[in-house]
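All remarks here apply to the structure that follows.
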Amino acid sequence: MNAKELEKELLWEAPHIAKKAPDQRELAEQFCEGYKEFLNEGKTERECVKKAISLLEKAGYTRFDAGKGYKPGDKIYWNNRGKALVASTIGTAPLSEGIRMNGAHIDSPRLDLKPNPLFEKGEIAYFKPHYYGGVRKYQWGAVPLAMHGVVVKKDGETVEISLGEKEGEPQFCITDLLPHLASEQNTRKLSEGLKGEELNIVVGSIPYMDGEDEKIKTPVKLLAMKLLNERYGMTEKDFTSAEIEMVPAVKAVDIGLDRGLIGAYGQDDRVCAYTALMAEMENASPVYTTLTILADKEEVGSVGNTGLNSDFVLHIVEDLAENQKAVLRTVLRNSICLSSDVNAAYDPTFASVYEERNSCYINKGCVLTKYTGSRGKSGSSDASAETMAKVIQIMEENGVFWQTGELGAVDAGGGGTIALLVARMDVDVVDLGVPILSMHSPFELASKLDVYNTYRAFAAFYQGR
Ligand code: MN
Ligand code: MN
219 MNAKELEKEL LWEAPHIAKK APDQRELAEQ FCEGYKEFLN EGKTERECVK
269 KAISLLEKAG YTRFDAGKGY KPGDKIYWNN RGKALVASTI GTAPLSEGIR
319 MNGAHIDSPR LDLKPNPLFE KGEIAYFKPH YYGGVRKYQW GAVPLAMHGV
369 VVKKDGETVE ISLGEKEGEP QFCITDLLPH LASEQNTRKL SEGLKGEELN
419 IVVGSIPYMD GEDEKIKTPV KLLAMKLLNE RYGMTEKDFT SAEIEMVPAV
469 KAVDIGLDRG LIGAYGQDDR VCAYTALMAE MENASPVYTT LTILADKEEV
519 GSVGNTGLNS DFVLHIVEDL AENQKAVLRT VLRNSICLSS DVNAAYDPTF
569 ASVYEERNSC YINKGCVLTK YTGSRGKSGS SDASAETMAK VIQIMEENGV
619 FWQTGELGAV DAGGGGTIAL LVARMDVDVV DLGVPILSMH SPFELASKLD
669 VYNTYRAFAA FYQGR
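Numbering (the numbering used here), first residue to last: 219 to 683.
Shown next, in the form of structure tokens:
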């Protein structure tokens, strides 16, 4: 055997997909049109749930009903408080043989309004936010923002807010200093480039006038509140029973002359949510029952009853077990789950925080991540060799382009996913997702070929024996 043959036989490197399978470019292109639409319509976890339910119902899913007996091929969903969603297709194998689970999250880093957010200073009206999840605060200044969320008013009515997305609607913005006057600010650490209490969002600049303006202390704030009242029927007090999220007012677009990438807000982790949902919906008759989980609160530690630290998924598996007359713990023990989340793509500009051989790269396919965590794998679930082998086999049998990747070099930082929370239920689990550039920024980048192959990985996982 010559060296070239031996190299092919013994060594391994994930290829650029466009070199190996150029025909996938067109397929990825087509698949990602729906993905971009999903990103534009789902800027918050609530909007993603709403959009997902409309897609699921069109595909024949109905809300789970404990009184009904479900048979193979039946499609059902559970809506957890409008902020998390689980969809399932009943398999032909008995439930006791286990479930094919797939958990993505639909919350993304953003700026949440504080419970008492509206104020006026220097004749400008502002919103005060408290940032949600890991944001680099300096990235959020001088960027157009849109307002999304819900207000539950005193009379009990819930009003949905989405302002700043449609053509012609007003938007909002955090100011930053001009370079001419930034000499002091420039000496700050980057993490304090904009401080938490400097993220003041401009919402108005015109005072409310009735000819006796001297009596009013904050006429600009008053006009802003009046305009909110006209739009949504709310008063200042109603902010305390609201969840309002300020997100980048940008649409998903193609990036690069070759259109190989998608630039958008919130791809972590709506990219896995969308691909999982598509694979779930088109699966007519799986062997194993599927469970597609779109969770909330991952970016703040999966806390709360819509996050995976709660037992809501366990209760849903219990619903299924009772319905199919299976023993819950047997079902869990035999189940396998993909913890579907993004990973940090190697960025040549910032090469020093990556370890080249164990980073994931754009355009090399979905990334299988054995462990996350930091400082010696702390906070990681660390998938077993057996679980890795099982998932790899499913992907290889179906010609899915995949790679492996670690979140940055050892001790460069780290992060976590929902994997350890799934493992706590006695389920085998491993992380799989899409490599992302500029993760957690207002405008993240992902490769269309990677998105498409992540979808193919999920489809193979749901269909596999
Ligand atoms: Mn994520
Ligand atoms: Mn994240």
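Idealized CB from N, CA, C, for every residue including glycine.
- Pairing Ala-601 with Val-648 gives a Cβ-Cβ distance under 8 Å.
- Between the alpha carbons of Ser-314 and Val-549 lies a distance of about 5 Å.
- A heavy atom of ligand 1 is found nearer than 7 Å to the CB of Asp-559.
- If you look at Thr-635, you'll find it isn't in any alpha helix (DSSP H); DSSP assigns it neither H nor E.
- Taking 8 Å as the cut-off, the Cβ atoms of Ala-491 and Ala-221 do not count as close.
- Between Val-377 and Ser-459, the CB-CB gap reaches or exceeds 8 Å.
- Annotated as distal: Leu-512 and Leu-273, with beta-carbon spacing of 8 Å or more.
- With a threshold of 7 Å, the Cβ atom of Glu-463 does not count as near ligand 1, since no heavy atom of the ligand is closer than that.
- Ala-569 counts as exposed, since fewer than 16 other C-beta atoms from the protein chains shown sit within 10 angstroms of its C-beta.
- Shortest Cα-Cα distance from Leu-556 to any of Arg-477, Met-499, Val-640 involves Val-640.
- Annotated three-state conformation of Pro-437 is helix, per DSSP.
- In the structure shown, Gln-389 adopts coil according to DSSP, grouped into three states.
- In the structure shown, Gln-485 adopts helical secondary structure according to DSSP, grouped into three states.
- Residue state for Arg-354 is assigned as coil, using DSSP reduced to three classes.
- A heavy atom of ligand 1 is found nearer than 7 Å to the CB of Asp-486.
- A distance criterion of 7 Å places the beta-carbon of Glu-516 in contact range of ligand 1, judged by its closest non-hydrogen atom.
- By the 16-neighbour rule on beta-carbons within 10 angstroms, Gly-374 is exposed.
- When rounded, the separation of the alpha-carbon atoms in Asn-581 and Phe-619 is 9 Å.
- With distances taken between CA atoms, Leu-526 lies nearest to Lys-515 out of Val-535, Lys-515, Tyr-564.
- Counting only runs of 4+ residues, the alpha helix (DSSP H) found wholly inside the stretch 531-584 occupies 546-551, in chain order.
- In this structure, Val-465 and His-366 form a Cβ contact; the two beta carbons are roughly 6 Å apart against a cut-off of 8 Å.
- Below 8 Å, enough C-beta pairs join the stretch 297-308 and the stretch 529-546 to call them touching: three or more.
- In the assembly as shown, Asn-334 is an exposed residue. Its beta-carbon has fewer than 16 other beta-carbons within 10 Å.
- The closest CA to that of Glu-231, considering only Tyr-579, Val-645, Gly-591, Met-606, is found on Tyr-579.
- 8 Å or more divides the Cβ of Asp-476 from the Cβ of Lys-372.
- Counting only runs that start and end inside the stretch 626-683, the beta strand (DSSP E) elements of at least 3 residues fall at 646-651, 653-655, 662-665.
- Contact check for Gly-634 against Thr-587 fails: the beta carbons are separated by 8 Å or more.
- With fewer than 16 other beta carbons inside 10 angstroms of its own, Gln-248 counts as exposed.
- Closest by C-alpha distance to His-658, out of Glu-615, Asp-486, Val-571, is Asp-486.
- Residue Cys-584 holds the alpha-carbon nearest to the alpha-carbon of Lys-666 among Cys-584, Ala-539, Asp-292, Ile-342.
- Exclusion of the five residues before and after Thr-262 leaves His-366, Glu-463 as the residues of its chain whose Cβ lies within less than 6 Å of its Cβ.
- According to the DSSP assignment, Leu-245 belongs to no beta strand (DSSP E) but to the alpha helix (DSSP H) extending over 242-259.
- Distance between Gly-651 and Thr-310, taken at the CA atoms: about 27 Å.
- Going by beta carbons, Ile-308 and Asp-283 fall outside the 8 Å limit.
- DSSP assignment within the stretch 288-345 yields the following whole beta strand (DSSP E) runs of 3 residues or more, N-terminal first: 293-298, 302-307, 317-323, 328-339.
- Residue side-chain check: His-658 places its Cβ nearer than 7 Å to a non-hydrogen atom of ligand 2.
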